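Right, one structure below, let's go through it.
2 protein chains.
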Amino acid sequence: MANIQQIAKKAGVSVATVSRVLNNATLVSPKTRSKVEEAIKELNYEPSMLGRNLRNSESRLILVLLPSISNPFYTEIINGIQNTAIASDYNILLCETDSKPERENIYFNMVKNKLADGVISMDPTVNMQKLNELAEKHPVILCSEYEKGGSIPYVTVDSELAAYQAVKHLIRLGNERIALISSDEKFLYARQRREGYERALREFQLPIRKEWIYHTKALDFQHGVHAMRMLLQLEEKPTAVFAVSDTLAIGALKAINMYANTEEQIAVVGFDNISFSSMTNPTLTTVSQPMYDMGKIAAEMLLSRLKGEKVENIVLEHELIIRESTIG
Amino acid sequence: MANIQQIAKKAGVSVATVSRVLNNATLVSPKTRSKVEEAIKELNYEPSMLGRNLRNSESRLILVLLPSISNPFYTEIINGIQNTAIASDYNILLCETDSKPERENIYFNMVKNKLADGVISMDPTVNMQKLNELAEKHPVILCSEYEKGGSIPYVTVDSELAAYQAVKHLIRLGNERIALISSDEKFLYARQRREGYERALREFQLPIRKEWIYHTKALDFQHGVHAMRMLLQLEEKPTAVFAVSDTLAIGALKAINMYANTEEQIAVVGFDNISFSSMTNPTLTTVSQPMYDMGKIAAEMLLSRLKGEKVENIVLEHELIIRESTIG
DNA sequence: CTCCTAAATGTAATCGATTACATTTATTAT
DNA sequence: ATAATAAATGTAATCGATTACATTTAGGAG
Numbered sequence: 001m002a003n004i005q006q007i008a009k010k011a012g013v014s015v016a017t018v019s020r021v022l023n024n025a026t027l028v029s030p031k032t033r034s035k036v037e038e039a040i041k042e043l044n045y046e047p048s049m050l051g052r053n054l055r056n057s058e059s060r061l062i063l064v065l066l067p068s069i070s071n072p073f074y075t076e077i078i079n080g081i082q083n084t085a086i087a088s089d090y091n092i093l094l095c096e097t098d099s100k101p102e103r104e105n106i107y108f109n110m111v112k113n114k115l116a117d118g119v120i121s122m123d124p125t126v127n128m129q130k131l132n133e134l135a136e137k138h139p140v141i142l143c144s145e146y147e148k149g150g151s152i153p154y155v156t157v158d159s160e161l162a163a164y165q166a167v168k169h170l171i172r173l174g175n176e177r178i179a180l181i182s183s184d185e186k187f188l189y190a191r192q193r194r195e196g197y198e199r200a201l202r203e204f205q206l207p208i209r210k211e212w213i214y215h216t217k218a219l220d221f222q223h224g225v226h227a228m229r230m231l232l233q234l235e236e237k238p239t240a241v242f243a244v245s246d247t248l249a250i251g252a253l254k255a256i257n258m259y260a261n262t263e264e265q266i267a268v269v270g271f272d273n274i275s276f277s278s279m280t281n282p283t284l285t286t287v288s289q290p291m292y293d294m295g296k297i298a299a300e301m302l303l304s305r306l307k308g309e310k311v312e313n314i315v316l317e318h319e320l321i322i323r324e325s326t327i328g
Numbered sequence: 001m002a003n004i005q006q007i008a009k010k011a012g013v014s015v016a017t018v019s020r021v022l023n024n025a026t027l028v029s030p031k032t033r034s035k036v037e038e039a040i041k042e043l044n045y046e047p048s049m050l051g052r053n054l055r056n057s058e059s060r061l062i063l064v065l066l067p068s069i070s071n072p073f074y075t076e077i078i079n080g081i082q083n084t085a086i087a088s089d090y091n092i093l094l095c096e097t098d099s100k101p102e103r104e105n106i107y108f109n110m111v112k113n114k115l116a117d118g119v120i121s122m123d124p125t126v127n128m129q130k131l132n133e134l135a136e137k138h139p140v141i142l143c144s145e146y147e148k149g150g151s152i153p154y155v156t157v158d159s160e161l162a163a164y165q166a167v168k169h170l171i172r173l174g175n176e177r178i179a180l181i182s183s184d185e186k187f188l189y190a191r192q193r194r195e196g197y198e199r200a201l202r203e204f205q206l207p208i209r210k211e212w213i214y215h216t217k218a219l220d221f222q223h224g225v226h227a228m229r230m231l232l233q234l235e236e237k238p239t240a241v242f243a244v245s246d247t248l249a250i251g252a253l254k255a256i257n258m259y260a261n262t263e264e265q266i267a268v269v270g271f272d273n274i275s276f277s278s279m280t281n282p283t284l285t286t287v288s289q290p291m292y293d294m295g296k297i298a299a300e301m302l303l304s305r306l307k308g309e310k311v312e313n314i315v316l317e318h319e320l321i322i323r324e325s326t327i328g
């Protein structure tokens, strides 16, 4: 790979002039410019990002942290981020932390070291203290999961309200024994969705029973299956379930299919509206988050921060998508 | 962020000594070493990857190209790659090309520019000519999709054989009218799976009818639904379907559920054994690829190439997982 | 105490770009 | 034709590390 010196030599000019051509400065004569461009073409030259970044302390790379790419929830968000970033000549790097702090560290270092210009974190398991430290010196945006009262700007939805509405929907259908399949409450979204669930129950004077609240260790299908199976073994079984994620809800549907008596109709509501949720049988009622927009806005916020602008937190609208799993 | 000069000054030594401490060279006296280490701790210093990479032309970063993260097929492969890479002190960057050549270019440039040390490509839409050019100067491994007779090392499964076995399974169940839902035949895996499909049919003297071969434009659920819907509108409907990907197969199951008469039992076989495939109703019979191992081996091959070693192509074993969708 | 050798440390070039400032060349006005 | 100005180009420092080579220091032998 040729470097700028070789181009300069070949074109018979100085490296400064080559650099000017590269960055379309105006003070290059057309003649010189074309000489340089020819040399670039001939030697098949592409400027080194390393040299450039080192000098400019800018990489035009954005890190996107997520716990795991296996949850389809992130897919559309990433599309939103990516399209927006690319339109502004930035690229994104997907960083799967697998909820492991060591990996997180490596990615944080990339930012500190100017290998990346900023971070969008969607990882609920992120070390908030470290992220806050990073955010003091570098642009950071939280997407979906956020820190209440924290200083890092975020874009999210109102999880409490969405959960409240989802559970109210179940109540209106006549359900009085409504279970919650949630994840670890160290995550804000899990706490908020439980609060919404409880608010709806309280409003209708329905009991909040802790044996109907099941906490899973992870969000994949299998954990949903297992949670539902546990709920089905209770002497007083719930007639409806609200799960904090579609993956759990789909697992619950599966468990109902496999283990429940066919005459028991158990209604299920999920959260996220992942693409698979309309492929299940029955199709899944769920809370739709504007995932693409969330990603887009997160990217826009980060781009603003990169320009040194202040940004406001944003809470986007959600929507309850009613499908077969609550109709029967 | 402090730099090496500041550490040197603080510790009262030269930058060379600091660098030696950083890279645990042996020729540093214990006294000096601890002075330097203290300065590093005090100033909270972390060496700049940019400076280091520029000098060493090494980044210890591996690029993983994939067309889209929305296909769960890639999830486990990525885990395999990532765990292997991290064990050797490499990190991976996930690059979603969205099948767009511009994006591909950016990522190729990262490699040319030493921002990344090598590439594992899982993208069937990759520009093979450009990838081959890149592979002349940089380590590149193909994972899953590969180039027959090409010079880039690959790890994959025997798609033709797997498809042949899958279709034979359908034939043994008594199906004589077997459809194929495939994707664009510009992809090698699609061609190979069609060949396997045809070989099985020929072997049992069953007709190969082109109205039973449907090519989709993409691999998502919706395209599977649409394909199956088209097949159900034929006057002579197939009694079984082999789809080249689980996502398509799951869409097909959905379409059968929605549009087929309940008395028609249409058997379905997919390919990949994604985690969803055991959540559907009926559960999906499918070809299981050793995805984690494939990723692991791809990473190991790349690490070997990075050390300058030669590597051999590897074809891994697959397995037909029989579930409800071919039992009824 | 001196000399020699080995160990420890320092100096300065290097990687590949950008850019402030200096210098040369071209253009315009008088 | 000459001075003044504008445009084009060049020179060299810089970003933050590594490392060959040079130099200093320490330790041991005589």
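Sequence lines, in order, name chains A and B.
The numbers in full-length UniProt numbering rise by one with no breaks, and the one at position 298 of the first sequence is 298.
The numbers in full-length UniProt numbering rise by one with no breaks, and the one at position 46 of the second sequence is 46.
Don't be surprised by glycine CBs; every beta carbon is placed ideally from N, CA and C.
All figures in this text were calculated on a predicted structure; none of them were measured in a lab.
Self-check item: Nearest-angstrom beta carbon gap, A:K168 and A:A200 [assumed within contact, 8 Å]
Solution: 5 Å
Quiz item: Since B:Y214 sits in a beta bridge, which residues does DSSP pair it with?
Solution: B:I181
Quiz item: Taking 8 Å as the CB-CB cut-off, is B:S82 touching chain A?
Solution: Per the sequence presented here, residue 82 of chain B reads as Gln, with Ser not at that position. Chain A contact via Cβ: present.
Quiz item: So, is A:Y45 buried or exposed, given that buried needs 16 or more other C-beta atoms within 10 angstroms?
Solution: buried
Self-check item: Own chain, CB closer than 8 Å to B:E37, minus 5 neighbours either side, in chain order
Solution: V21
Quiz prompt | Host alpha helix (DSSP H) of B:I297 (start-end) | solution = 291–306
Quiz prompt | N-terminal and C-terminal residue of the beta strand (DSSP E) that A:Y154 is part of | solution = 154–157
Self-check item: Assigned secondary structure, B:A200 (DSSP; H/G/I helix, E/B strand, else coil)
Solution: helix
Quiz item: When you compare each of A:F73, A:L180, A:R209, A:K186 to A:R194 by their alpha carbons, which one comes out closest?
Solution: A:L180
Quiz item: Under a CB-based cut-off of 8 Å, is B:P290 close to chain A?
Solution: no
Quiz item: Can you find at least 3 beta carbon pairs, one from the region 82–99 of chain B and one from the region 81–97 of chain A, that sit closer than 8 Å?
Solution: Taking 8 Å as the limit for Cβ pairs, the verdict is that the region 81–97 of chain A does touch the region 82–99 of chain B.
Quiz prompt | Ordered list of alpha helix (DSSP H) runs contained in the region 1–26 of chain B, each at least 4 residues | solution = 4–11, 15–22
Self-check item: Straight-line gap, B:R103 to A:L61 (C-alpha atoms, nearest Å)
Solution: 13 Å
Quiz item: Hey, out of B:Q265, B:T286, B:E300, whose CA is closest to B:N175's CA?
Solution: B:Q265
Quiz item: At a Cβ cut of 9 Å, what residues of the region 211–236 of chain B count as close to chain A, listed as they run along the chain?
Solution: D220, F221, Q222, G224, V225
Quiz item: For B:P72 and chain A, any beta-carbon pair shorter than 8 Å?
Solution: yes
Quiz item: Mapping DSSP to helix, strand and coil, what is A:I40?
Solution: helix
Quiz item: Starting from A:N83 and walking both ways along the alpha helix (DSSP H), at which residues does that stretch end?
Solution: 73–87
Exercise. Give the DSSP bridge partners of B:V241, in chain order.
Key: B:A179, B:V268
Quiz prompt | Cβ shell of A:P207 (< 8 Å), same chain only, five flanking positions each side left out | solution = L201
Quiz item: Do A:S288 and B:F221 come within 8 Å of each other at the CB atom, strictly closer than that value?
Solution: no
Quiz item: Using the beta-carbon of each residue, which ones in chain A are nearer than 7 Å to B:L50?
Solution: L50, N53, L54, N113, K114, L115
Self-check item: the region 254–271 of chain B contacting the region 15–35 of chain B, beta-carbon criterion three pairs below 8 Å
Solution: no
Quiz item: Just reading off the alpha helix (DSSP H) that A:L131 is part of, what are its end residues?
Solution: 128–137
Self-check item: Alpha carbon of A:R33 to alpha carbon of A:P47, nearest angstrom
Solution: 16 Å
Quiz item: Nearest chain B C-beta to A:G150 closer than 8 Å, yes or no?
Solution: With a threshold of 8 Å between beta carbons, A:G150 makes no contact with chain B.
Quiz item: Residues of chain B with a CB under 9 Å from the CB of A:E96: which are they?
Solution: For A:E96, the C-beta contacts it makes with chain B under 9 Å involve I78, N79, Q82, I92, L94, in order along the chain.
Quiz item: alpha helix (DSSP H) containing B:T247: first to last residue?
Solution: 246–259
Self-check item: DSSP three-state assignment for A:V287, whether helix, strand or coil
Solution: Strand.
Self-check item: Same chain, Cβ closer than 7 Å to A:L320, neighbours up to 5 away in sequence not counted
Solution: Same-chain partners within the cutoff: Q165, A166, H169, V287.
Quiz item: When DSSP labels each residue in this structure, what does A:S144 get in the three-state scheme?
Solution: The answer is coil: DSSP assigns A:S144 none of H, G, I, E or B.
Quiz item: At a CB-CB cut-off below 7 Å, which residues of chain A make contact with B:I256?
Solution: Under the 7 Å cutoff, chain A gives no residues; its nearest Cβ is about 10 Å from B:I256.
Quiz prompt | Under 8 Å by beta carbon: chain B residues contacting A:E46 | solution = Those are N109, K112, N113, listed as they occur along chain B.
Quiz item: Does the beta carbon of B:F271 sit closer than 8 Å to a beta carbon anywhere in chain A?
Solution: no
Quiz item: Exposed or buried, which one is B:Q192 when buried takes at least 16 other CB atoms within 10 Å?
Solution: buried
Quiz item: When we look at the beta-carbon of A:I152 and count the other beta-carbons within 10 Å, is it buried (16 or more) or exposed?
Solution: buried
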